[in-house]
Amino acid sequence: MTITDPTRTVDSPAGELDVEVDDAVGDEAAFRNLVARLSRQSVDKHYDAYADIPWDDPAYAIDPTDPRWELDDSDPLGATEWYRRQPQEVRAAIGLYRCASAMKIGLQFENILKRGLLEHAFHLEDGDPTFRYAYHEVIEEAHHGMMFQEFVNRTPFELPGLTWDMRLGAARVVGLGRRFPQLFFMFVLGGEDPIDHVQREELRNGTDLHPLLETIMRHHVTEEARHLSFARHYLKREVPKLDPVRRQVLAVATPLILGTMAQLMMQAPKDMIRRFEIPDEVVREAYRDDPAHREATVVSLRKVRRLARELGLINPVSRSLWQRFGIWSDDATTAPAVAPRPQAANA
Ligand SMILES: [Fe+2]
Ligand SMILES: [Fe+2]
-17 MTITDPTRTV DSPAGELDVE VDDAVGDEAA FRNLVARLSR QSVDKHYDAY
33 ADIPWDDPAY AIDPTDPRWE LDDSDPLGAT EWYRRQPQEV RAAIGLYRCA
83 SAMKIGLQFE NILKRGLLEH AFHLEDGDPT FRYAYHEVIE EAHHGMMFQE
133 FVNRTPFELP GLTWDMRLGA ARVVGLGRRF PQLFFMFVLG GEDPIDHVQR
183 EELRNGTDLH PLLETIMRHH VTEEARHLSF ARHYLKREVP KLDPVRRQVL
233 AVATPLILGT MAQLMMQAPK DMIRRFEIPD EVVREAYRDD PAHREATVVS
283 LRKVRRLARE LGLINPVSRS LWQRFGIWSD DATTAPAVAP RPQAANA
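If you count the sequence shown from 1, position 113 lands on 95 in my numbering, and the numbers rise without skipping.
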C-alpha cells in the first residue's frame, strides 16, 4: 500500500470531551453535561448504513483480486516471506478475508454490546441521562452492524465469526449490563478501544485504502469516539462506588477480558489460517514470535491500561495477569508507535 494524503485527519470529538471531564471526575454535574453533549452530537452527526454509503457506486465495488486488499509489511502476516511468495490474487484474497472476518466478529461483538446496553437501560430510573445516551449508542451500533454485514455479504466468503465458546461467553456478558455494569463497560472498552486505535492509525497513515473500507472506518471511528468517551467516564463515575469484593473481581477480570479481546481482534482467526493453509511456523513467526506484533498489541491497549491504573484496578494479582497475557506496560517508556495493521475494521 502507498501513502496518499498524510494530512487527512480522523474526525473525533473525544479528545476535547475527555479533557473537559477528566478535570472533574466524580462531579455529577460534569458527568451529566458530558452525557448531554454526547447525546447532542449523536443527533448532529451520525451516519446511516445505507443512506451515507454509496454501496452501488462502481468505485465502491469489491473485487477480491484488487491489490488494495493486500496486506503490506506493517502487518505481521503481510511481512512474512510466505505471504510475499503467494500469487497476487491469493495475497489480495487473504487481505480481503481479514477485513471481512474483522467485520463479522465486529458485528457479533456489537450485537452483544447492543443487547447489554438495552439490558442496562431497562433498569434505569426515570430522568437518568444515561438512558438517552444508551439508546443513541444502540442505534449507532445497529448501523455499524448493518454496514459490516453488508460488506461481508459483498465478499465471496462465508465467515464463521466467533467460535462456539466465545458465543457461550457472550450470552453471559449481556446480563452484566444489569448485574455488573462496571464489568460490562470494561468489556465494551476491551472490544472497542484496540480496534479504534488500529483504525485511527490506518486512516492517519493514509495508506491506499479501498474507498468502501475507508468510508466504513471513518464513519465508525467518529461514532466510536463517543462510545469510548461514555464508557470511560461511566467507569470513572461508577468504579469508585464499588465495594471491595466487586472491585477486586473487576481488577482481576479486566486483564482476562482485555487479553482475550486483544487476541481476538489483533490476530488472524483460525478459519482464515485453515482456509489459506497458512503453515504453523508462519503463524508463529507472524504473531507469537514477532516483538513488533506484541508491542502493537500492548500499545493498542494503552488508554484502557491507563484508565485501569487511574481507577485503582492494578494490584499485584491483577498485574501478574496483565503480564501473563502479554499486555502489560508501565507506559512511561512506551513510545506512541504506529501499530501494524492487524485488522481493517471492527467493533
Ligand atoms: Fe461502539
Ligand atoms: Fe461500532
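Heads up, the beta-carbon is just placed ideally off N, CA and C, and yes, glycines get one too.
Quick check: does the Cβ of His28 come within less than 7 Å of any heavy atom belonging to ligand 1? no
Segment contact flag, the segment 121 to 136 with the segment 65 to 74, C-beta cutoff 8 Å, min 3 pairs: no
Stretch pair the segment 244 to 255 + the segment 203 to 222: three plus CB contacts closer than 8 Å: no
Is His215 near ligand 1, going by C-beta to nearest heavy atom under 7 Å? no
Can you give me the start and stop residues for the alpha helix (DSSP H) that Asn187 sits inside? No alpha helix (DSSP H) holds Asn187; DSSP gives it neither H nor E.
Would you list, in sequence order, the uninterrupted beta strand (DSSP E) runs of no fewer than 3 residues that lie entirely inside the segment 140 to 211? none
Option in Glu292, Glu205, Leu99 and Tyr42 with minimal Cα separation from Ser24: Glu205
Compute the Euclidean distance between the alpha carbons of Ile76 and Glu52, then round it to the nearest angstrom. 7 Å
So, are the CB atoms of Lys86 and Gly127 less than 8 Å apart? no
Below 8 Å on the Cβ atoms is my contact criterion, and I expect Ile44 with Arg136 to pass it. Report the Cβ-Cβ distance as a whole number of Å. 5 Å
Measure how close the beta-carbons of Leu16 and Ser83 come, nearest whole angstrom, since I'm counting them as under 8 Å. At roughly 34 Å, the Cβ-Cβ gap does not stay under 8 Å, so Leu16 and Ser83 are not in contact.
Quick one, are the C-beta atoms of Thr62 and Ala274 less than 8 Å apart? no
How long is the line joining the alpha carbons of Met168 and Leu217, rounded to whole angstroms? 8 Å
Beta-carbon proximity list for Gly308, same chain, < 8 Å, skipping 5 on both sides: Gly241, Arg276, Thr279 and Val280
Measuring straight from C-alpha to C-alpha, what distance separates Glu292 and Leu95? 24 Å
What separation, rounded to the nearest whole angstrom, lies between the Cα atoms of Asp4 and Val264? Caution applies to Asp4, whose pLDDT of 44 falls short of 50 and renders its modelled position unreliable; the value that the coordinates give is listed next. If I take the Cα positions, the gap works out to 44 Å.
Is there at least one non-hydrogen atom of ligand 1 closer than 7 Å to the beta-carbon of His209? yes
Who are the near neighbours of Tyr79 in its chain, counting only those whose CB is closer than 6 Å to its CB and skipping five residues on each side? Phe139 and Met254
Here's the rule I'm using: 16 or more other beta-carbon atoms within 10 Å means buried, otherwise exposed. How should His105 be labelled? exposed
With three or more C-beta pairs closer than 8 Å as the rule, is the segment 186 to 194 touching the segment 31 to 51? yes
Starting from the C-beta of Val221, find all residues in its chain whose C-beta is less than 6 Å away, skip the five residues before and the five after it, and write them out in chain order. Gln164 and Leu293
CA-to-CA distance, Ser282 to Val180, given in whole angstroms: 7 Å
Looking only at its chain, what residues have a beta carbon closer than 6 Å to the beta carbon of Phe258, apart from the 5 residues adjacent to it on each side? Ile76
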